[in-house]
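Residue numbers for the sequence shown follow the working numbering, so the first one is 57 and each next one is one higher. Even glycine gets a Cβ: it sits at the ideal position worked out from N, Cα and C. Since the model is a prediction, treat every value here as computed from it, not as a measurement. Heads up, the thing below is written out as structure tokens.
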Amino acid sequence: MSLKPEKVVRPTANFPSSVWGDQFLSYEDEDLSGLEKQVEELKGGLKKEILETLNVPTQHAKLLKMIDAIQRLGVAYYFRDDIGQVLQHFYDAYGDHWKGDNPSIWFRLMRQNGYFVSSDVFNSYKDKDGAFKDPLENDIQGLLDLYEAAYLRVPEEVILDDALAYTKSRLNDIANDPLISSSIISSHIQEVLARPVHKTLPRLEALRYIPFYQQKASHNESLLKLAKLGFNLLQSLHKKELYQLSMWWKGFDVPTILSYARNRLIECYFWSLGVYYEPQYSESRMFLAKILSMETLLDDTYDAYGTYEELVKFTEALQRWSYTSLEGLPEKMKLVYQMLLNIYEDMEGILKKMGKAHHLNYIREAMMEYVGCYLKEAKWANERYIPTMEEHKEITVVSSGYKFTLIASFAAMGDIITDETFKWALTMPPLAKSCCVLCRTMDDLVTYKEEQERMHVASSIQCYMKEYDVSEQHVHDLFTKKVEDAWKEMNKESITCKDVELPIIMRVINLARVMDVLYKNKDHFTHVGPELINHIKCLLVDAIAT
């Protein structure tokens with residue numbers, strides 16, 4: 057009598073299927089030469105206007121607003137050197153003592169671009185009793201500007217904590233005023249209350265700001281036209297990238313073969329697009345989208361498919377970086393490994409041309425640390441062990457997928473990325489660590505309940521509740537504050553860290569911004585709903601009417 061093989065019990069999750077189908081598997085190449093010519097002409101005229109205005113001190117307040125508009129309209133990459141020249145000139149000329157109008161805009165722009173200017177400029181907003189002065193109370197634009205500036209606060213910056221609380225309250229009252237509740241200003245207030253510019257992805261801010269800027273009587277017609285044409289021109293590149301990625305994904309037949317995992321290639325590209333949208337980062341962006349899609353497959357392989365015994369062998373194979381070590385594993389795991397090899401081989405070819413092929417070693421090192429972390433989590437889940445907060449922190453923050461994501465994002469970014477860049481990131485400096493804390497905490501806040509319905513390692517929320525014997529609501533409030541504290545710490549580090557340049561710092565900031573879009577209040581990545589669908593359609597399907 058033959059023995060039947062024992063049926064393998066897997067911790068399947070039944071994730072929702074992709075909402076996109078084959079929508080991005082077609083792409084029509086367009087002749088954009090006419091559009092490119094218009095963009096170049098508009099850029100030339102605006103660059104000349106910036107330089108001429110810079111040479112007239114009485115026009116500096118006007119120039120400040122122009123730079124703010126350029127950034128919010130999503131075309132700052134056209135004027136990177138010009139903006140740098142303007143802000144350096146402002147810092148040299150004024151230091152902490154801005155003499156023009158719009159101090160809130162000045163403060164936000166300077167801090168956003170790496171200048172640690174003092175918040176003492178806002179002392180004039182308060183009366184002798186410490187309350188904000190009456191004239192500000194009904195100045196809608198002034199309130200909006202101060203509200204946005206307050207999000208650049210650093211730890212213990214009390215005046216900006218006060219400013220944020222005050223402006224939130226006043227703007228909320230104004231937005232709900234029946235006299236203006238249906239106006240464009242009310243809609244704009246509600247949008248920025250939901251997500252301030254500092255937490256918004258630049259491409260989404262452009263979509264939000266273009267119609268608002270167009271309504272302003274003082275708008276610059278050339279700049280508005282450039283914003284619309286530039287958006288569409290860049291969108292065509294993004295569409296082409298997504299088509300190429302979709303063909304790669306389809307080539308491995310991922311949705312069919314790896315049906316246990318989340319099919320989220322489109323959302324991973326959106327994630328990557330949030331980290332960098334500029335044209336010069338095309339290779340980096342596509343590589344990161346692949347890495348993110350593989351992180352998703354690895355996540356679900358460890359959490360929602362593999363048995364602990366299989367995962368031990370799979371992890372050992374990854375750490376040896378040897379396909380021959382996969383013998384005896386399910387074919388699904390072999391496919392995941394094959395896809396990883398494909399990604400690294402492609403990037404190796406790109407980096408070789410740049411003379412930086414060895415940079416892959418740093419990325420692979422981060423990946424090995426990451427899968428080692430997953431195996432330990434799988435062991436805890438298998439044993440139903442609830443780790444201490446210190447154990448959980450070490451695994452899910454210091455060695456997390458977010459660290460791997462950040463390090464992978466530096467691939468092929470150009471000469472600005474050196475060996476020292478990777479070494480800096482691998483040591484988890486305060487800027488990177490704060491970002492990973494923010495990402496992990498936001499993830500846990502919205503996913504822990506669903507994850508506990510299957511055999512999954514205890515979340516940091518459960519660990520904290522057990523260790524300190526407190527309620528779920530208490531931990532939720534505490535962790536929400538932890539996210540805001542991480543933003544403050546990142547703000548501080550982004551203007552005091554001198555180890556790396558601003559484009560690298562912005563990868564960290566943008567990664568945190570993506571998390572605010574994908575994991576605020578809900579796991580929008582796993583459960584893709586109307587909000588994220590709208591974001592993706594607006595960025596990758598629908599052009600802006602010009």
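**Prompt:** Given that a residue counts as buried once 16 or more other Cβ atoms are within 10 Å of its Cβ, and exposed if not, what is ASP598?
**Reply:** exposed
With which residues is LYS182 paired in a DSSP beta bridge?
PHE188
Going by Cα to Cα distance, which pick from LEU208, GLN115, LYS281 and ALA514 is closest to VAL253? LEU208
Check your understanding: Is the Cβ-Cβ distance between THR371 and LEU431 less than 7 Å?
Key -> yes
Please indicate yes or no: does the CB of GLN529 lie closer than 6 Å to some heavy atom of the ligand PLP? You won't find the ligand PLP in this model; it holds no ligand whatsoever.
| query | What separation, rounded to the nearest whole angstrom, lies between the Cα atoms of GLY462 and TYR393? | reply | First, the amino acid is wrong: residue 462 is Leu here, not Gly. Distance between the alpha carbons of LEU462 and TYR393 is about 21 Å.
Q.
Looking only at its chain, what residues have a beta carbon closer than 7 Å to the beta carbon of ASP499, apart from the 5 residues adjacent to it on each side?
A. TYR575
If you reduce the DSSP assignment to three classes, tell me which class GLY585 lands in.
coil
- Alpha carbon of ASN158 to alpha carbon of TYR418, nearest angstrom: 44 Å
Q | Straight-line gap, GLY151 to VAL173 (C-alpha atoms, nearest Å) | A | 7 Å
query: Hey, how far is the Cα of GLY384 from the Cα of THR363?
result: 13 Å
* Asked: Is it true that the region 217 to 225 meets the region 94 to 105, where meeting means three or more beta-carbon pairs spaced less than 8 Å apart?
  -> no
request  = Measure the C-alpha to C-alpha separation of GLU213 and MET546 and round it to an integer number of angstroms.
outcome  = 14 Å
### Message
Counting C-beta neighbours from all protein chains within 10 Å, is the total for LEU59 16 or more, i.e. buried, or is it exposed?
### Response
Only weak support is given to the placement of LEU59: the predicted model assigns it a pLDDT of 46, under 50, and the question is left unresolved by the model.
Simplified DSSP assignment, three categories, for ASP356: helix
Worksheet item: How far does the alpha helix (DSSP H) with LYS93 in it reach, from first residue to last?
Response: 89 to 110
Range covered by the alpha helix (DSSP H) that runs through LYS295 = 277 to 307
Original post:
Can you tell me whether PRO61 is buried or exposed, with buried defined as 16 or more other CB within 10 angstroms of its CB?
Top reply: The predicted model places PRO61 with a pLDDT of 48, which falls under 50 and marks its position as unreliable; any figure quoted below should be read in that light. Its Cβ having fewer than 16 others within 10 Å, PRO61 is exposed.
Item to check | Bounding residues of the alpha helix (DSSP H) (the contiguous stretch that carries ALA434) | outcome: 415 to 439
Please classify MET303 as buried or exposed, where buried requires at least 16 neighbouring CB atoms within 10 angstroms. exposed
- Is SER550 closer than 7 Å to VAL331 when the C-beta atoms are compared? no
How many whole angstroms separate the CB atoms of TYR325 and LEU354, which I take to be in contact at a CB cut-off of 8 Å? Wrong, their Cβ atoms sit about 18 Å apart, outside the cutoff.
Residues in the same chain with beta-carbon distance under 7 Å from MET395, minus the five sequence neighbours each way, listed in chain order, please. PHE308 and MET350
Next item on the list: Write down the C-beta distance between ARG251 and GLY130 rounded to the nearest angstrom, noting that I regard them as a contact closer than 8 Å.
Entry: About 15 Å; that fails the 8 Å criterion.
Open item on the list: To the nearest angstrom, how far is the alpha carbon of GLU450 from that of THR483?
Closed with: 13 Å
task = Leaving out five residues on either side along the sequence, give the residues of the same chain with a beta carbon under 6 Å from the beta carbon of TRP76.
result = ILE322
(Q) Distance check for SER278 and VAL177, CA to CA, integer angstroms please. (A) 32 Å
Q: Apply the 10 Å Cβ neighbour rule to ASP295 and answer buried if 16 or more other Cβ atoms are within range, or exposed otherwise.
A: Rather than Asp, the amino acid found at residue 295 in this sequence is Lys. LYS295 is buried by the Cβ-count criterion.
Worksheet entry | Beta carbon of LYS611 nearer than 7 Å to that of VAL454 | Because residue 611 is not part of the residues shown, which for the chain are 57 to 602, the question remains open.
Worksheet item: Can you give the Cα-Cα distance for ARG136 and GLY428, rounded to whole angstroms?
Response: 40 Å
**Request:** For the region 304 to 386, list the alpha helix (DSSP H) runs that are entirely contained and at least 4 residues long, ordered along the chain.
**Result:** 310 to 313, 321 to 331, 338 to 360 and 364 to 376
Exercise for review: Determine the burial state of SER274: buried for a count of at least 16 other Cβ atoms within 10 Å of its Cβ, exposed for fewer.
Suggested key: exposed
Any 3 or more C-beta pairs closer than 8 Å across the region 337 to 346 and the region 466 to 478: yes
### Query
Which stretch, first to last residue, makes up the alpha helix (DSSP H) that contains VAL214?
214 to 231
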